[in-house]
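Read through the structure below, which is laid out as structure tokens, and then see the notes.
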Amino acid sequence: MLDMFSCGKEMPDAGRGTLNILEELLQQSQQSQELAELQRDTALRQQELGQALRASIAAQKEPFEEMDEIHVVSADAEHDPVSIEPCKSTEPMASKEASWLRSLTWGEEDVEQEVLTLDIVGLRAGSMSRASHAQSMRSQAKLFSGAAQWTLNRAATLLHAIESIKEPVRTGWLAELMRSSSFNLLSLLVIVANAAYITVMTDYELLHAGQQVGQELGIEFAFSAFYLLELIAKLTVHRLYYFWTQEWLWNVFDFVLVVLVLVENGVTALSAAEVTGSYNIMFLRVLRLFKLARVFRIFRTLRFFTELRLMMECVAGSLMNAIWCVVLLFFTKYIFALLIAQSLVGHWIEVAGTENAAGSPASAELLRLYPSVSQIMVTLLQSTTSGLDWQEPFGALKPTGFALPALFVAFILVFTVSIWNIVTSVFVEKALKLATPDLDALVLEQNYQEKKLCEELITFFSSRSEDDCISPKAFRSMAEDASFRGYLTANGIDIKNIQIFFSMLASAMEDGEDVDIHLLANACVRMRGFATSIDLQSLSFETKIMHRKQVDMVKVLAKHLKRVEGMLKQMMLEPERGLGPLDV
1 MLDMFSCGKE
11 MPDAGRGTLN
21 ILEELLQQSQ
31 QSQELAELQR
41 DTALRQQELG
51 QALRASIAAQ
61 KEPFEEMDEI
71 HVVSADAEHD
81 PVSIEPCKST
91 EPMASKEASW
101 LRSLTWGEED
111 VEQEVLTLDI
121 VGLRAGSMSR
131 ASHAQSMRSQ
141 AKLFSGAAQW
151 TLNRAATLLH
161 AIESIKEPVR
171 TGWLAELMRS
181 SSFNLLSLLV
191 IVANAAYITV
201 MTDYELLHAG
211 QQVGQELGIE
221 FAFSAFYLLE
231 LIAKLTVHRL
241 YYFWTQEWLW
251 NVFDFVLVVL
261 VLVENGVTAL
271 SAAEVTGSYN
281 IMFLRVLRLF
291 KLARVFRIFR
301 TLRFFTELRL
311 MMECVAGSLM
321 NAIWCVVLLF
331 FTKYIFALLI
341 AQSLVGHWIE
351 VAGTENAAGS
361 PASAELLRLY
371 PSVSQIMVTL
381 LQSTTSGLDW
391 QEPFGALKPT
401 GFALPALFVA
411 FILVFTVSIW
421 NIVTSVFVEK
431 ALKLATPDLD
441 ALVLEQNYQE
451 KKLCEELITF
461 FSSRSEDDCI
471 SPKAFRSMAE
481 DASFRGYLTA
491 NGIDIKNIQI
501 FFSMLASAME
511 DGEDVDIHLL
521 ANACVRMRGF
531 ATSIDLQSLS
541 FETKIMHRKQ
551 VDMVKVLAKH
561 LKRVEGMLKQ
571 MMLEPERGLG
581 PLDV
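Note that UniProt numbering has the sequence shown beginning at 1, numbered continuously upward.
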């Protein structure tokens, strides 16, 4: 190297070239050192995540299957220095769920990092949503050909256009008013007041048939005006999307109800006018018909009471089950009624002309309860629904012998033990399915519980800290406190390894030691319960991302080393000619 520098003094151009090479080599060396430090940090963080993953798996009651990993293998010299084996497919997971650990430890990642995560696990952004009806129809269209396939594709296109219709976010003072809790409370109070008024007026009309109250029409107009203004305001805000939201059934119900109320008020006003003859009778008949709309106003309160609405939805959702259950009961009673009727025919033939003929008291009781197949079905229904004590129809069958009473008892046992329980279980199963909370309710409840617990933890940590940060020693002392551990256990928070848990959080801080109380509280909330499949998949994704980053860094480092090696070879091959700018 000294000869090179001396040569550089005699030949200024070669000396400048040598200095340029040395400066570039120094820059490459610094970059290599930075990459090596970043690689070590990544390896350390990967080791910590691996320990946390093993601790989470050990906390499970049942063993989890071993997760897929990305293996770094060496490649041929002609190719890239490092390659990655393809990762096996994993279960789909929403991007928000997959990124909660990153936001907890390193902060929000950019869009490219999220795409990288989906690339590693074999997923793509935008493919997470459940297949729509249009996609299902397109899949079915592939099974056909010709006109059928063309029709299904066109129908799928139309259905996709309908499914893609979404209401934009409404802004403005009127939209804020419609969404405010104060307006909803006012609407609820008006509906309850209207229901109470309907009850009072119905009782009055029962006691004073045909009499009219002077203020009745004005009060009805006041309620109708409120309903009409509410409907106009909602239509102004939502426009035609009012009939295309998730609650479109209730919106259609409100729209029809307001129309019926307006028609009722119009008919009431016309009937109160000076109209005589047959027109007055016709108006009164129409008025009675539209007065039934008053009863349906009470159902408007269902929207504001979740439990009551749930019960009504269960009743409405089980109507088809009710129809089939009625059919089952009908056929069961019909079969047993035919058996009893056929047996009674033989009995009447046997007793004809004897003392047990139709004129005897026993025969009269038998004819009263079992005169025909339809009446026998009614008797069986009364015997199984507490409408009639089954001892009475059973006693009426005793004079006929042993077969008919035994058949009646068999019917009671079959109906009570088997059929009735089957019908009940069908309704219970349907009600349980309908009573399952939807996704919005589950997310809302989960967020509320996590927010409440997080606020409590922040308050507790704030009382133990002066600068909104918790040191490892302070957190260790809190974790060793029996009352604090009991509080965490009661809320489903079980931290197996305090040191690893705190170190993972501290790595996201600037000083690498103290942890912000908000970050610590959020992390504790995320540790609630046993590790779910989403938690384990998140850790697996993080490990794979680190592997991917490490591989990329090794590739860059290998490329720089290869360039440096080429420069050194060129310097060694041309020492006598001097060194100028190199072309590598």
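Using N, Cα and C, we set each Cβ at its ideal position, and we do this for glycine too.
Review point. Does the region 158–166 come within contact of the region 142–149, defined as at least 3 CB pairs closer than 8 Å?
Key: The count of Cβ pairs closer than 8 Å, one atom from the region 158–166 and one from the region 142–149, stays below three, leaving the stretches out of contact.
Review point. In chain order, what residues of the same chain have a beta carbon less than 6 Å from the beta carbon of Ala156, not counting five sequence neighbours either side?
Key: Along the sequence shown, read from residue 1 onward, the residue named residue 156 stands at position 156. Once the five neighbours on either side are set aside, the close Cβ partners of Ala156 are Ala134, Met137 and Arg138.
Exercise for review: Tell me, please, whether the region 322–341 touches the region 368–386 by the rule of three or more beta-carbon pairs shorter than 8 Å.
Suggested key: Inter-segment contact for the region 322–341 and the region 368–386 is present: three or more beta-carbon pairs are separated by less than 8 Å.
Check your understanding: Around the C-beta of Asp514, are 16 or more other C-beta atoms found within 10 angstroms, so that it is buried, or is it exposed?
Key -> As a working note, residue 514 is residue 514 in the sequence shown. Buried, since its Cβ has 16 or more Cβ neighbours within 10 Å.
Check your understanding: When we look at the beta-carbon of Val256 and count the other beta-carbons within 10 Å, is it buried (16 or more) or exposed?
Key -> To locate residue 256, count along the sequence shown from 1; it is residue 256. So Val256 ends up on the exposed side.
**Study point:** Span of the alpha helix (DSSP H), counted from its first residue to its last, around Ser425
**Key:** Translated into the one-based positions of the sequence shown, residue 425 becomes position 425. Where Ser425 is concerned, the enclosing alpha helix (DSSP H) stretches over Trp420 to Ala435.
Point to revise | Integer Cβ distance of Ser343 from Leu404, believed to fall under 8 Å | key: For the purposes of this step, residue 343 is taken as the residue at position 343 of the sequence shown. For the purposes of this step, residue 404 is taken as the residue at position 404 of the sequence shown. At roughly 5 Å, the Cβ-Cβ gap stays under 8 Å, so Ser343 and Leu404 are in contact.
Review point. Can the beta-carbon of Ile376 be found closer than 8 Å to that of Ile335?
Key: Counting from 1 along the sequence shown, the entry for residue 376 is found at position 376. Counting from 1 along the sequence shown, the entry for residue 335 is found at position 335. Contact: no.
**Study point:** Spatial neighbours of Leu369 in its chain, beta-carbon cut-off 7 Å, leaving aside the 5 residues before and after
**Key:** Taking the sequence shown and counting its residues from 1, the one referred to as residue 369 is at position 369. The residues are Thr379, Pro393 and Ala396.
Practice item. Quick one: grab the DSSP three-state call for Arg528. Key: Here residue 528 refers to the residue found at position 528 when the sequence shown is read from its first residue. Three-state DSSP puts Arg528 in a strand.
Review point. Roughly how many whole angstroms lie between the Cα atoms of Arg154 and Val426?
Key: The residue you call residue 154 lines up with position 154 of the sequence shown. The residue you call residue 426 lines up with position 426 of the sequence shown. Spanning the two alpha carbons is a distance of roughly 39 Å.
Review point. Does the beta-carbon of Pro361 have 16 or more other beta-carbons within 10 angstroms, so that it is buried, or is it exposed?
Key: Along the sequence shown, read from residue 1 onward, the residue named residue 361 stands at position 361. By the 10 Å Cβ count, Pro361 comes out exposed.
Review point. With distances taken from CA atoms, which of Leu217, Glu247, Val428 and Val200 is nearest Leu270?
Key: Working through the sequence shown from its first residue, we reach residue 270 at position 270. Nearest option by C-alpha distance: Leu217.
Exercise for review: Examine the ligand MG and report whether any of its heavy atoms sits within less than 7 Å of the Cβ of Arg528.
Suggested key: With respect to the ligand MG, the structure shown offers nothing to examine, as it has no ligands at all.
Practice item. May I ask you to list the residues that DSSP assigns as paired with Cys454? Key: Here residue 454 refers to the residue found at position 454 when the sequence shown is read from its first residue. Beta-bridge pairing links Cys454 to no other residue.
Point to revise | For Asp494, three-class secondary structure by DSSP | key: As a working note, residue 494 is residue 494 in the sequence shown. Annotated three-state conformation of Asp494 is coil, per DSSP.
Check your understanding: So, is Glu307 buried or exposed, given that buried needs 16 or more other C-beta atoms within 10 angstroms?
Key -> Sequence index remark: in the sequence shown, residue 307 carries index 307 (1-based). With fewer than 16 Cβ atoms within 10 Å of its Cβ, Glu307 is classed as exposed.
Exercise for review: Pull up the distance between the alpha-carbon of Glu313 and that of Thr385, whole angstroms please.
Suggested key: Reading the sequence shown from its first residue, position 313 is the one you call residue 313. Reading the sequence shown from its first residue, position 385 is the one you call residue 385. If I take the Cα positions, the gap works out to 25 Å.
Practice item. Report the three-state DSSP secondary structure of Val417 (helix, strand or coil). Key: By 1-based counting over the sequence shown, the position of residue 417 is 417. Reduced to three states, the DSSP call for Val417 is helix.
Check your understanding: Terminal residues of the continuous alpha helix (DSSP H) containing Met320?
Key -> As a working mapping, residue 320 is identified with position 320 in the sequence shown. Leu319 to Val351 is the span of the alpha helix (DSSP H), which, as asked, contains Met320.
Exercise for review: Could you name the residues of the same chain whose beta carbon sits closer than 8 Å to that of Leu488, not counting the 5 residues immediately before and after it, in chain order?
Suggested key: By one-based count along the sequence shown, residue 488 stands at place 488. Excluding sequence neighbours, Leu488 sits near Asp494, Ile495 and Cys524.
Check your understanding: DSSP state of Val515, grouped into three classes?
Key -> Within the sequence shown, numbered from 1, the residue matching residue 515 stands at position 515. DSSP places Val515 in strand when its eight states are reduced to three.
Exercise for review: Kindly give me the distance between the Cβ atoms of Tyr242 and Leu235, rounded to whole angstroms, as I take these residues to be in contact under 8 Å.
Suggested key: As a first step, residue 242 is located in the sequence shown; it is residue number 242 there, counting from the start. As a first step, residue 235 is located in the sequence shown; it is residue number 235 there, counting from the start. 6 Å between Cβ atoms; contact.
Review point. With 8 Å set as the bound, which would you pick, yes or no: does the beta-carbon of Ala316 sit closer than that to a beta-carbon of chain B?
Key: In the structure shown, chain B cannot be found, because there is only a single protein chain.
Check your understanding: Nearest CA to the CA of Trp348: which residue from Val315, Glu450 and Gly401?
Key -> On the sequence shown, residue 348 is found 348 positions in, with the first residue counted as 1. Considering only alpha carbons, the answer is Gly401.
Exercise for review: Confirm, please, whether the CB-CB distance from Leu519 to Leu539 is below 8 Å.
Suggested key: In the sequence shown, residue 539 corresponds to position 539, counting from 1. In the sequence shown, residue 519 corresponds to position 519, counting from 1. No, these two residues do not count as a Cβ contact at 8 Å.
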